[in-house]
Amino acid sequence: MKTGLTVSTVAHVALLGFGLVALSAPQALEVADVEAFPVDIVPIETITQIQQGERKAPVAERAAPTPTVRPEPVPMAKNVGDNDTDLKTAADAEASKREVQTAALPKPEPVPTPAKPAEVPVEKPKSDPTPVPATEVTPEPQPRQEVTPDPAPETAVSESPDAEAVKLPEQAPSPQSRPQPPQAQTAKAPQRRDAEKPAEQQAARPQNQERSFDADQIAALLNQEKTKGGGALRSTEQAALGGERTTTGQKLTQSEMDALRGQIQRCWNVPAGALEAENLKVSVQFKLDRSGALESSPEIVAGGNGGSVERAAAESARRAILQCAPYNLPGDKYEAWADVIVHFDPSDMF
Amino acid sequence: METLTLAAPGGELSLWALFWQAGWVVKLVMIGLLAASIWTWAIIIDKALAYARARRALDRFEETFWSGQSLEELYRTLADRKTSGMGAIFVSAMREWKKSFEKGARSPIQLQTRIDKAMDLALTREMEKLEGRLGFLASIGSSAPFIGLFGTVVGIMTSFQAIAGSKSTNLAVVAPGIAEALLATAMGLLAAIPAVIAYNKLSSDAAKLGNRMEGFADEFSAILSRQIDEKVLHKAA
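Written as structure tokens, this is what we have:
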């Protein structure tokens, strides 16, 4: 027994001693520094209310889009319109109310080129020598008229800008007022129907009646001459961080809308047992006063007609709105929720 | 904005530090387990040596016993020596035989019974000697893990109380306490595993040795009964 005990004790002491040396301290696990990062609670308003500006610009007190450079007026503008710059005309632009009169210039009839059979009837009227009664005759057009002796390729479309370029300086339309820097707006230039009347007059008198007179075709061509307005975004401010457009603060934010939705949903007894919930969509309009109470009885503006189930659904929506009033909504945005339309869609509930 | 910098507490994690940081209950458990381990290994070494010795002694005795030497002679050489194993059984049987014959036994059947009894006793004593302390191995093998676990549970309890006190759940705060608590379980297992293995091995060894001795006892009993019969016949003739 003695030997066993001695051997065992010695072995244990040796093992422990070895352990103390070899397993003294395990290698510290290398972990990257954990940085405590601050967390801010950001109200969603800061996201839903955006001032117009540049995405990548530094933050400034006032948001502004990239400063624009006002281009020099183009003397030889190709597009019809009354902007200083040559802008593409919008397809759906309306003709301006302002009337423009151009003076047709007396011109000796040039020899019509036989090589090119003019399909466009407007071509011919151009060579009309009869002078159009002019209201204002500018002195410049005359030399220009002499320079253009080749009327064949020239269309009425190309003529009118010329006439305009001459006349415009006095009436050069510019935005009535500079847009407010933080909320740069599209400066809509007034539009003007130009050269339409004279052209019409000319079209009405085709000289060569060789081809059949097609009024529709002429009208279609003349339509191309309609002046179109263009827009220009102007800003002289330093670009600052902002969104694509300014969203007003008068809108309810997402969280406020959710709050209203929640308040109504609490009282809404969804019509149960309806087979086709798709047809049970109801839109209810109601007005609220400043305290959030109902000002008028809710009106069903969409849905609710049809069978009894639909009517029941509409009534349930109306009841929900009546029951849950008054609503608790931000008072400073009263304009945003004074008049509310709520869409009730029970199909989401099933 | 409040920023928190969490510095890891530079806890020592060496074995000695782990032991030293532990609470007194855990320390006690660990010391107890260490002692148990030392004692377990002492027994294992001792038993292994003893069994080897016993096996050698049995071999040697069987050799001399079956060498054709007369029983009287063998008895005389072994009687005044401290014997163990088969030798002890042989001596006890021979002693009984001698006593009975010197006084002139009347009944051979009674003599046979007495000799058997004496051999049984000697065998039991020898087996006891062989199997002694194996029970300790068995109980260490089964209870050491639980003792270690107890130390761990107490250690972790203390550790969690400390966490609650420091109000930080950082792993660096939690880890050292749990590590030191787990050391107790590790020690328990360290003591238990060799104990269990050694117990199984040693008890089977002891059983083998016991079987051998029993076989010898039976054989010797048969030899003696033949001798008694011869003596009775001799007397009768």
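Chain order of the listed sequences is P and A.
Residues in the first sequence are numbered consecutively from 324, following the working numbering.
Residues in the second sequence are numbered consecutively from 165, following the working numbering.
Idealized CB from N, CA, C, for every residue including glycine.
These numbers come from a predicted model, not from an experiment.
What's the C-alpha gap between residue i and residue j?
{"i": "GLU611 of chain P", "j": "ASP655 of chain P", "result": "The question names Glu, but residue 611 of chain P in the sequence shown is Leu. If I take the Cα positions, the gap works out to 14 angstroms."}
{"i": "ALA355 of chain A", "j": "ARG219 of chain A", "result": "28 angstroms"}
{"i": "LEU287 of chain A", "j": "GLY379 of chain A", "result": "11 angstroms"}
{"i": "HIS666 of chain P", "j": "VAL607 of chain P", "result": "6 angstroms"}
{"i": "VAL189 of chain A", "j": "MET258 of chain A", "result": "57 angstroms"}
{"i": "TYR657 of chain P", "j": "ARG613 of chain P", "result": "6 angstroms"}
{"i": "ALA216 of chain A", "j": "SER330 of chain A", "result": "58 angstroms"}
{"i": "PHE360 of chain P", "j": "ASN334 of chain A", "result": "16 angstroms"}
{"i": "LEU645 of chain P", "j": "SER620 of chain P", "result": "8 angstroms"}
{"i": "ASP537 of chain P", "j": "GLY376 of chain P", "result": "52 angstroms"}
{"i": "GLU482 of chain P", "j": "GLN561 of chain P", "result": "With a pLDDT of 45 at GLU482 of chain P, under the threshold of 50, the modelled position of that residue is not reliable, and no figure is offered here."}
{"i": "VAL445 of chain P", "j": "ALA542 of chain P", "result": "Residue confidence for VAL445 of chain P is low, a pLDDT of 47 falling below 50, so the modelled location carries little weight; the figure read from the coordinates is stated next. Their backbone Cα atoms lie some 10 angstroms apart in a straight line."}
{"i": "LEU353 of chain A", "j": "ALA308 of chain A", "result": "7 angstroms"}
{"i": "GLY341 of chain A", "j": "LEU198 of chain A", "result": "20 angstroms"}
{"i": "GLU633 of chain P", "j": "LEU583 of chain P", "result": "24 angstroms"}
{"i": "ALA522 of chain P", "j": "MET580 of chain P", "result": "Note that ALA522 of chain P scores a pLDDT of 49, beneath 50, so its modelled location is shaky and nothing firm can be said."}
{"i": "ALA336 of chain A", "j": "LEU343 of chain P", "result": "22 angstroms"}
{"i": "ASN592 of chain P", "j": "SER332 of chain A", "result": "48 angstroms"}
{"i": "LEU388 of chain A", "j": "SER367 of chain A", "result": "31 angstroms"}
{"i": "ASP363 of chain P", "j": "ALA643 of chain P", "result": "36 angstroms"}
{"i": "PRO472 of chain P", "j": "THR391 of chain P", "result": "Here PRO472 of chain P scores only 49 on pLDDT, less than 50, and its place in the model is too uncertain to base an answer on."}
{"i": "MET351 of chain A", "j": "LYS191 of chain A", "result": "11 angstroms"}
{"i": "GLU638 of chain P", "j": "SER631 of chain P", "result": "10 angstroms"}
{"i": "ARG718 of chain P", "j": "ARG378 of chain P", "result": "Outside the displayed range of chain P (324 to 673) lies residue 718 of chain P, so it cannot be described from this structure."}
{"i": "LEU179 of chain A", "j": "ALA380 of chain P", "result": "59 angstroms"}
{"i": "LEU328 of chain P", "j": "ILE207 of chain A", "result": "7 angstroms"}
{"i": "VAL365 of chain P", "j": "THR576 of chain P", "result": "13 angstroms"}
{"i": "LYS372 of chain A", "j": "PHE314 of chain A", "result": "37 angstroms"}
{"i": "LEU285 of chain A", "j": "VAL193 of chain A", "result": "41 angstroms"}
{"i": "GLY374 of chain A", "j": "LYS262 of chain A", "result": "26 angstroms"}
With residue i as the anchor, note down where its alpha helix (DSSP H) starts and where it stops.
{"i": "ILE623 of chain P", "result": "Note, ILE623 of chain P: premise wrong, no alpha helix (DSSP H); beta strand (DSSP E) at 622-625."}
{"i": "GLN588 of chain P", "result": "577-590"}
{"i": "GLN325 of chain A", "result": "298-330"}
{"i": "ASP280 of chain A", "result": "272-295"}
{"i": "TRP180 of chain A", "result": "179-185"}
{"i": "TYR215 of chain A", "result": "188-229"}
{"i": "LEU652 of chain P", "result": "Taken as a continuous stretch (DSSP letters only), LEU652 of chain P belongs to no alpha helix (DSSP H), as it is neither H nor E."}
{"i": "THR247 of chain A", "result": "Careful: THR247 of chain A lies outside any alpha helix (DSSP H) and carries neither H nor E."}
{"i": "PHE341 of chain P", "result": "325-345"}
List the whole-angstrom C-beta distance separating residue i from residue j, where the pair is believed to meet the contact cut-off of C-beta under 8 angstroms.
{"i": "ALA648 of chain P", "j": "ALA625 of chain P", "result": "ALA648 of chain P to ALA625 of chain P, Cβ: 21 angstroms. No contact."}
{"i": "HIS335 of chain P", "j": "TRP205 of chain A", "result": "7 angstroms"}
{"i": "GLY187 of chain A", "j": "VAL318 of chain A", "result": "7 angstroms"}
{"i": "MET377 of chain A", "j": "ILE253 of chain A", "result": "6 angstroms"}
{"i": "LEU238 of chain A", "j": "THR247 of chain A", "result": "Not a contact, Cβ separation roughly 11 angstroms."}
{"i": "SER256 of chain A", "j": "ALA282 of chain A", "result": "5 angstroms"}
{"i": "ALA370 of chain A", "j": "GLU295 of chain A", "result": "5 angstroms"}
{"i": "LYS604 of chain P", "j": "ASP668 of chain P", "result": "5 angstroms"}
{"i": "ALA348 of chain A", "j": "GLY305 of chain A", "result": "Incorrect: roughly 17 angstroms between the Cβ atoms, too far for contact."}
{"i": "GLY249 of chain A", "j": "PHE225 of chain A", "result": "7 angstroms"}
{"i": "ILE357 of chain A", "j": "THR332 of chain P", "result": "Their Cβ separation, rounded to whole angstroms, is 19 angstroms, which puts ILE357 of chain A and THR332 of chain P out of contact at 8 angstroms."}
{"i": "ALA383 of chain P", "j": "LEU652 of chain P", "result": "Contact flag wrong, Cβ pair sits at about 32 angstroms."}
{"i": "ILE345 of chain A", "j": "ILE311 of chain A", "result": "Per the sequence shown, residue 345 of chain A should be read as Ala rather than Ile. Between ILE311 of chain A and ALA345 of chain A the Cβ distance is about 13 angstroms, and since that is not below 8 angstroms, they are no contact."}
Which residues does DSSP pair with residue i in a beta bridge?
{"i": "ILE664 of chain P", "result": "P:GLN608"}
{"i": "LEU564 of chain P", "result": "P:GLU377"}
{"i": "LEU388 of chain A", "result": "Answer is none; LEU388 of chain A lacks a bridge partner."}
{"i": "LEU617 of chain P", "result": "P:LEU611"}
For the ligand ADP, is there any heavy atom lying closer than 7 angstroms to the beta carbon of residue i?
{"i": "SER264 of chain A", "result": "The ligand ADP is absent from the structure shown, which contains no ligand whatsoever."}
State whether the segment 319-330 of chain A contacts the segment 360-368 of chain A, with contact taken as three or more CB pairs (one from each stretch) at a distance under 8 angstroms.
Taking 8 angstroms as the limit for Cβ pairs, the verdict is that the segment 360-368 of chain A does not touch the segment 319-330 of chain A.
Would you call the segment 211-218 of chain A in contact with the segment 227-235 of chain A, where contact means no fewer than 3 C-beta pairs closer than 8 angstroms?
The answer is no - the segment 227-235 of chain A does not touch the segment 211-218 of chain A, with fewer than three Cβ pairs under 8 angstroms.
Take every Cβ of the segment 269-278 of chain A, pair it with every Cβ of the segment 387-395 of chain A, and state whether three or more of those distances are shorter than 8 angstroms.
Yes: the two stretches touch, three or more of their Cβ pairs being nearer than 8 angstroms.
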